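Per the numbering used here, the sequence shown runs over residues 7 to 300.
Okay, structure first, notes after.
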Amino acid sequence: MHVPTIGITLGEPAGIGPEIVSKALQCNKISKRFDYRIIGPKKKFEPGKLSPSSAEAAWEALEEAFKLWEKKEIQAIVTSPVHKGNLFQIGFPYPGQTEFFASKLGVPKEKVIMAMSSPKLHLSLLSTHLSLQEAIQAITKDKIKLAAVLLLEFLKKLKPKSSLKIAIAGLNPHSGEMGHFGKEEHESYEPAIEELKRNGFPVEGPLSPDSVFREALEGKYDGVVASYHDQGLIPFKLVSFYSGVNVTLGLPLIRTSPDHGVAIDIAGKNKADPRSLIAAIKLACKLVPKENRK
């Protein structure tokens with residue numbers, strides 16, 4: 007049987023990407039039942055010094071990774087961090103790597119969900135890199151349903167024999183306190199949750215966002231739908247910074263990424279911690295269908 011291959015991009019080559027990729031592949035914590043292919047520039051860039059050429063190299067690595075996946079030379083993609091500001095300077099037209107892959111696959115961005123996964127906490131986000139005002143405006147009943155359904159499908163792959171329950175966090179303090187602190191819960195969240203329940207999905211909400219993540223950590227819920235980026239990422243990184251993985255849901259390809267940035271300030275100093283990338287590689291391996299494994 008064909009040995010599956012995980013493609014690993016170097017990300018921003020002036021950041022910590024090359025260092026953490028090297029450390030991850032040299033450790034004894036990733037499966038030997040997979041091959042690993044480094045995707046990125048052969049030449050070295052000066053650590054800590056962003057440039058148009060380093061941004062071009064990061065972009066080219068993404069393009070190459072996608073082509074390799076299309077040709078079935080790799081079965082999953084693990085992306086090291088990129089510097090979005092540096093990419094924007096050379097005309098990168100996507101908010102991030104998630105949107106890059108969605109565009110390549112022709113999947114509307116509203117059908118793609120960013121999720122975060124760690125041994126302690128799993129969550130999906132209704133929005134990613136938007137201003138808070140834009141994130142609130144982007145909340146719809148359909149988006150809430152999609153984020154819950156895709157999170158549940160993802161968790162079934164991790165816990166196929168478990169009885170699962172998903173919590174949906176409200177947007178406003180105390181989930182709006184019966185409309186006194188905001189009407190979004192009544193207008194969007196409650197109709198979405200009622201429809202999900204009618205269709206047999208194990209969801210609860212909208213729940214107060216100041217307590218729902220603690221309840222998930224204590225085991226009451228298997229995953230949480232967060233209303234916007236920082237509502238979910240602040241508690242997630244607080245408890246899972248070194249074990250957290252960014253997972254793209256809603257695409258036909260498997261794509262994971264560490265949950266941190268390029269760390270320009272420590273690039274080249276041998277201080278970068280590879281644990282989040284190792285976790286991303288492990289999760290990518292786990293998500294590759296069994297029929298594609300040796």
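Here a beta-carbon is modelled for each residue, glycine too, at the ideal position from N, C-alpha and C.
From a predicted model like this one, the values you see are computed outputs, not experimental measurements.
Cα-Cα separation, residue i to residue j
i: G176; j: V230; result: 11 Å
i: I311; j: I287; result: Past the boundaries of the shown model lies residue 311; the chain is included only from 7 to 300, so the question cannot be answered.
i: S123; j: G185; result: 32 Å
i: D148; j: I199; result: 10 Å
i: L132; j: H235; result: 8 Å
i: A278; j: I26; result: 6 Å
i: H192; j: I150; result: 13 Å
i: R43; j: F72; result: 13 Å
For residue j and residue i, believed in contact at Cβ under 8 Å, the rounded distance
i: P87; j: G17; result: 5 Å
i: A232; j: L127; result: The Cβ separation is near 10 Å, so there is no contact.
i: L68; j: Q103; result: 6 Å
i: H160; j: V253; result: For clarity, residue 160 is Phe in the given sequence; the question names His instead. Their Cβ separation, rounded to whole angstroms, is 7 Å, which keeps F160 and V253 in contact under 8 Å.
i: I272; j: L56; result: Actually they are not in contact, since the Cβ atoms of I272 and L56 sit about 14 Å apart, beyond 8 Å.
i: G274; j: G91; result: G274 to G91, Cβ: 19 Å. No contact.
i: V268; j: I22; result: 6 Å
Spatial neighbours of residue i in its chain, beta-carbon cut-off 8 Å, leaving aside the 5 residues before and after
i: T146; result: S194
Same chain, Cβ closer than 6 Å to residue i, neighbours up to 5 away in sequence not counted
i: N178; result: F187, G188
i: L24; result: This sequence places Pro at residue 24; Leu is not what is there. Correct list, in chain order: L16.
i: F40; result: P10, I12, C291
i: E70; result: I45
CB of residue i within 9 Å of CB of residue j, strictly
i: L156; j: L289; result: no
i: V251; j: S217; result: no
i: P208; j: L158; result: yes
i: F51; j: S60; result: yes
i: T262; j: T85; result: yes
i: A173; j: Y227; result: yes
i: S109; j: A121; result: no
Unbroken beta strand (DSSP E) run spanning residue i, endpoints
i: S263; result: 261–264
i: P212; result: 209–213
i: H235; result: H235 -> not in any beta strand (DSSP E); alpha helix (DSSP H) instead, spanning 235–246.
Alpha helix (DSSP H) segment containing residue i, residue limits
i: P53; result: No alpha helix (DSSP H) holds P53; DSSP gives it neither H nor E.
i: N92; result: 90–95
i: D41; result: Taken as a continuous stretch (DSSP letters only), D41 belongs to no alpha helix (DSSP H), being part of the beta strand (DSSP E) at 41–45.
i: S169; result: Careful: S169 lies outside any alpha helix (DSSP H) and carries neither H nor E.
i: S109; result: 103–111
Spatial neighbours of residue i in its chain, beta-carbon cut-off 7 Å, leaving aside the 5 residues before and after
i: A64; result: G17, E18, P19, V88, L93
i: P258; result: L111
i: A30; result: I36, P280, L283, I284, I287
i: G46; result: T15, L16, P19, A63, A67
i: P125; result: S249
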